[in-house]
Amino acid sequence: MKVEARIFDLITAFSFLMAVVYGVWSKEPVGIVALALTGGLALIVGTYFRFVSRRIEQRPEDNPNAEISDGAGELGFFSPGSYWPIGLAASAAIAGLALAFWHIWLLVIAVVLVLIMVGGLVFEYHTGPGHE
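Numbering (the working numbering), first residue to last: 435 to 566.
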């Protein structure tokens, strides 16, 4: 996670520097605010990654002397045939269309569909308490 934290630190520094440069050259407030907020959000993400990197064991990506074989092995569990992401993408697309054309009734339906799809995706392999 240290690599990711460094990447977001660079994005933070770049965004804040560009906010200053943009402010000096253009004197237009909206761009300055947008760049400053981008830097702030990158700072939040970078801080989170640095916080997490102190609490997990070192990964091969964080070790400058690591070999490629150090990263071999199981990476985690990935669902082999889940249809929930397709439904989630479709319901998010419907929500985007509802926002674009400002149909509130469609937006309400889309938000409900997004929540159902997220719930299905999160709890796809949940078997309940006590079942292992």
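In this text, a Cβ means the ideal position worked out from N, Cα and C, and glycines have one as well.
None of the values given here were measured: they were computed from a predicted structure.
Contact under 8 Å by Cβ, residue i with residue j
| i | j | result |
| --- | --- | --- |
| residue 533 | residue 552 | no |
| residue 473 | residue 450 | yes |
| residue 555 | residue 528 | no |
| residue 480 | residue 504 | no |
Rounded separation between residue i and residue j - CA only
| i | j | result |
| --- | --- | --- |
| residue 436 | residue 509 | 18 Å |
| residue 526 | residue 499 | 43 Å |
| residue 549 | residue 558 | 14 Å |
| residue 448 | residue 490 | 28 Å |
| residue 470 | residue 482 | 18 Å |
| residue 458 | residue 536 | 37 Å |
Where residue i falls: helix, strand or coil (DSSP)
| i | result |
| --- | --- |
| residue 435 | coil |
| residue 491 | coil |
| residue 460 | helix |
| residue 553 | helix |
Span of the alpha helix (DSSP H) around residue i
| i | result |
| --- | --- |
| residue 536 | Counting along the chain, residue 536 falls outside any alpha helix (DSSP H), and DSSP gives it neither H nor E. |
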